[in-house]
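First residue of the sequence shown? That's 5 in the numbering used here, and the numbers climb one at a time after it.
Each residue gets a CB set at the ideal place from its N, CA and C atoms; glycine is no exception.
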Amino acid sequence: MQMFKTMTEVAQYVSKRRDRRQIWCIASLEGAQYYGLVSQPNLGGYTYNHATKMLAVNDQILNRHSPHNEVRQRANRLAGFLNDEAQRRNVIQRDRHAEEVFLEHWDECISNFIKIRKRKPTSVDLFLSHTPCTLNDNSPSPGRALGSQFYPASCTNKLRQFASKNPTIKLRVYYLNKFGSNQGLDEDALSQFYKVSGLVVSKMDPGVRMTCESIL
C-alpha cells in the first residue's frame, strides 16, 4: 500500500481513486503514516460504474451532453454486456466496505510502521466518509475473513474485534457523514451508541473536516 505523510496528500490520493458512490477511509498511524482506502463494489456495481465512465468519455469526444435518463439506460445495457464478458472470463470482483479494506491491509500497514520506527504504533485514527455500518442497517458487511483474521458481520463489530485484538493500540474513529440507521441520531447519541459497542466514534474536528470536504 502507498503511504503518505500528511492528511492533505492522502486525501488527494483518495480523491483520484474513488467515484462519488464509493465510501472512503483514511487510516492514520500516530499521525505519522497515512493510508487511503475506498470501498469496492461487487461485480455488478463495478461494471455499471465502468460503463458510466465509458459513456461520459464518449459524450466528451462527441462534444454532446446526454440526458440523465438516457445515460442511465445506456449504462445499464452496456454494464450487462461487460458483466457477461467478465463472468465468461471468470473475473472476480470482491465487494468490500472501506473499513474492511483497512482491516484486509492492516498487517501491511503495521509492518511498514515497525520497519520504519522499530516498534508498533500506539494509536490508529480512522477518518471515514460515513459512520461504520451496524446490524441495524439494511445491508451490513457480512462476516468474513480479512487478512489473517475472521471478522463478524457489520463494520462496527469488525472494528470492535480489531480493537480487542490490539489492546495496546488506541483506536479512534472520526466521521464526516452519518450512515444508515444512525442518520437520525444527534452527535451525542451517536457517540453513545458506538461507545456501548466498544468504540470511540466522533465527528471530525473542523480542520480535518475542511480538508476532506475541500478535496473529497
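Integer-rounded CB distance, given that residue j should sit under 8 Å from residue i
i, j, result
"residue 177", "residue 203", "6 Å"
"residue 32", "residue 129", "4 Å"
Counted within 10 angstroms of its Cβ, other Cβ atoms place residue i as buried (16 or more) or exposed
i, result
"residue 102", "buried"
"residue 144", "buried"
"residue 194", "buried"
"residue 118", "exposed"
"residue 4", "Residue 4 is absent from the model: the chain starts at 5 and stops at 220."
"residue 105", "buried"
"residue 133", "buried"
"residue 186", "buried"
Beta-carbon spacing of residue i, residue j below 8 Å
i, j, result
"residue 153", "residue 169", "yes"
"residue 112", "residue 5", "yes"
"residue 135", "residue 205", "yes"
"residue 42", "residue 18", "yes"
"residue 4", "residue 30", "Here the chain has residues from 5 to 220 only, and residue 4 is not among them."
"residue 82", "residue 59", "yes"
"residue 26", "residue 100", "no"
"residue 179", "residue 199", "no"
"residue 124", "residue 172", "yes"
Cβ-based neighbour list, residue i, same chain, cut-off 8 Å, excluding 5 preceding and 5 following
i, result
"residue 215", "11, 12 and 15"
"residue 116", "5, 7 and 37"
"residue 158", "136, 137, 138, 139, 141, 144 and 145"
"residue 151", "107, 108, 109, 110 and 111"
"residue 1", "Residue 1 lies beyond the stretch modelled for the chain, which goes from 5 to 220, so this question has no answer here."
Cβ shell of residue i (< 6 Å), same chain only, five flanking positions each side left out
i, result
"residue 2", "Absent from the structure is residue 2, since the part of the chain shown begins at 5 and ends at 220."
Close Cβ partners of residue i (< 7 Å) along its chain, the five nearest in sequence each way excluded
i, result
"residue 63", "69 and 70"
List in chain order: all unbroken alpha helix (DSSP H) runs of 4+ residues lying wholly within the segment 132 to 203.
-> Whole alpha helix (DSSP H) segments, 4+ residues: 159 to 169 and 191 to 200.
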